[in-house]
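Mapping to the numbering used here: the sequence shown position 115 is 1000, numbers consecutive.
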Amino acid sequence: MKVMTIEHPQTFNPEELPPLVIALGFFDGIHIGHQKVIQTAKDAAMRMGAKSAVMTFDPHPSAVLGMEQQSVQYITPLQEKVAIIEELDVDYVFVIHFTKEFATLTPQQFVDDYLIKLHTIHVVAGFDFSYGRFGEGTMDTLPIHSRGQFTQTIVEKQTMEEEKISSTRIRKTLQEGDFIDFYKLTGRWYSVRGTVIHGEKRGRQLGFPTANIDIKDRYIFPSTGVYAVKIQIDHKWFNGVCNVGYKPTFHEKRPEYPSVEVHVLGFDRVIYGEDVAVEWHKRLRSEQKFAGLEQLVQQIELDKNHAIEYFSQLDG
C-alpha cells in the first residue's frame, strides 16, 4: 500500500497515478460502516480494472475550524488508522492535510483539484458525506461537480440493533468502557499504543509491579477505573489488569492527567523504553480511594483474579 500525504495547494503529478476508485471519509474508528465503504470501493476497483484508494483528512476538521486542536481525541489517530486500512488491502491512501485554507475550497474546487486530478473514475462514500466550504457539497451534488469525469456509489446508513453505526456512537461506548459493543461495531478490540516509562513504583512495593505507559497520541480513553486488558510486548501478547486514573489512595491533590498502569500477569521483565500496545477487554470496577494499603492490596488481588477468570473464559 502506498501512503501519500497531500498539502494544500497540492503539487503532485497526476500522471504518476493509475485510474482510481476512491473511498472518501474521515474514517475515525474504521467501524463496520467505514469498512463497508472501503470494501465497496475495492469491489468497484476490481470490476473496473482500477486501483483502490482511501482519501482521509488530518487533523479532524473540528481541530482547525474554531476549536483547539488539543481538545480533539481520536478513536484511531492517523498512524493507527492507516495501519488498519492497510490490513484491508487497499492500494493507496491519500492523507489530505486539513488546514483553514483547504477548508475554504468550494465543492467544485475540491472535486476538480482532489478527485478529477487524481485520475478518479469512481467515488464511494457514505450517504452523509459532505465536502467543500461549509460542507456545501453532498452526495446529491457530486454528480454535478464530477463534470462527467467519474461515477459514484452511495453507501446507505448502516445500523446495528436499530441504531446508526457511527464514530459518535463508538466514542460513547469507549467512554463508558463497553468494549464488547466496540468489538461488535468494529470487528476488533480497542487498542492504544504507548511507551513504558518510569513511574512511582508503588505497585512493585505492593507486590503488583506495573508498566506505566506514556500515551503520546490523543486517543479517546475510557473513564477512570480498572480493566482487564491484553498488552503486546515485543510482538507477544500477555494478559493484564490496567488502572486508568489518579490513584486517590496516594494523592490528596488530583494530578493533571490520569495515569495508565498495567500489571502484566505472569511477567517479570524490565521493559522501560519499550513500545507496547494495550488492548481493552472488560471494565472490572471504578477507581476507589482506600483507607489503607491492606484494603488496596486485597482489592488488587480480587481484580487480578477477575481478570484471570475473564481471560480463561475468553481463551477457553
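Even for Gly, the Cβ is constructed at its ideal location relative to N, Cα and C.
{"Check": "Given a threshold of 16 other Cβ atoms within 10 Å of its Cβ, counted over all protein chains shown, does Gly1079 qualify as buried or as exposed?", "Outcome": "buried"}
{"Check": "Reducing DSSP to helix, strand and coil, say where Thr1071 ends up.", "Outcome": "helix"}
{"Check": "In angstroms, rounded to a whole number, what distance separates the CA positions of Pro903 and Ser937?", "Outcome": "10 Å"}
{"Check": "Pick out whichever of Gln1198, His1120, Pro992 and Gly1011 has its Cα sitting closest to the Cα of Ile907.", "Outcome": "Gly1011"}
{"Check": "From Ala935 to Met889, what does the alpha carbon distance come to, in whole angstroms?", "Outcome": "18 Å"}
{"Check": "Within this structure, are the beta carbons of Asn1221 and Val1145 separated by less than 9 Å?", "Outcome": "Look at the range of the chain in this structure, 886 to 1201, and you will see that residue 1221 is not part of it."}
{"Check": "Tell me whether the beta-carbon of Asp998 lies closer than 9 Å to the beta-carbon of Pro894.", "Outcome": "yes"}
{"Check": "Counting only the same chain and skipping the five closest in sequence on each side, list residues whose C-beta sits under 7 Å from that of Phe1093.", "Outcome": "His1148 and Ile1185"}
{"Check": "Ile1105 and Val1161 - do their beta-carbons sit closer together than 9 Å?", "Outcome": "no"}
{"Check": "Nearest-angstrom Cα distance between Ser1076 and Val1163?", "Outcome": "5 Å"}
{"Check": "Can you tell me which of the three DSSP states Thr1109 falls into?", "Outcome": "coil"}
{"Check": "Once the 5 residues before and after Gln964 are set aside, which same chain residues still bring their CB inside 6 Å of it?", "Outcome": "none"}
{"Check": "Could you please give the first and the last residue of the uninterrupted beta strand (DSSP E) stretch that includes Ser937?", "Outcome": "Lys936 to Asp943"}
{"Check": "Under 8 Å, with one C-beta from each stretch per pair, do the stretch 1033 to 1048 and the stretch 914 to 921 reach the 3-pair mark?", "Outcome": "yes"}
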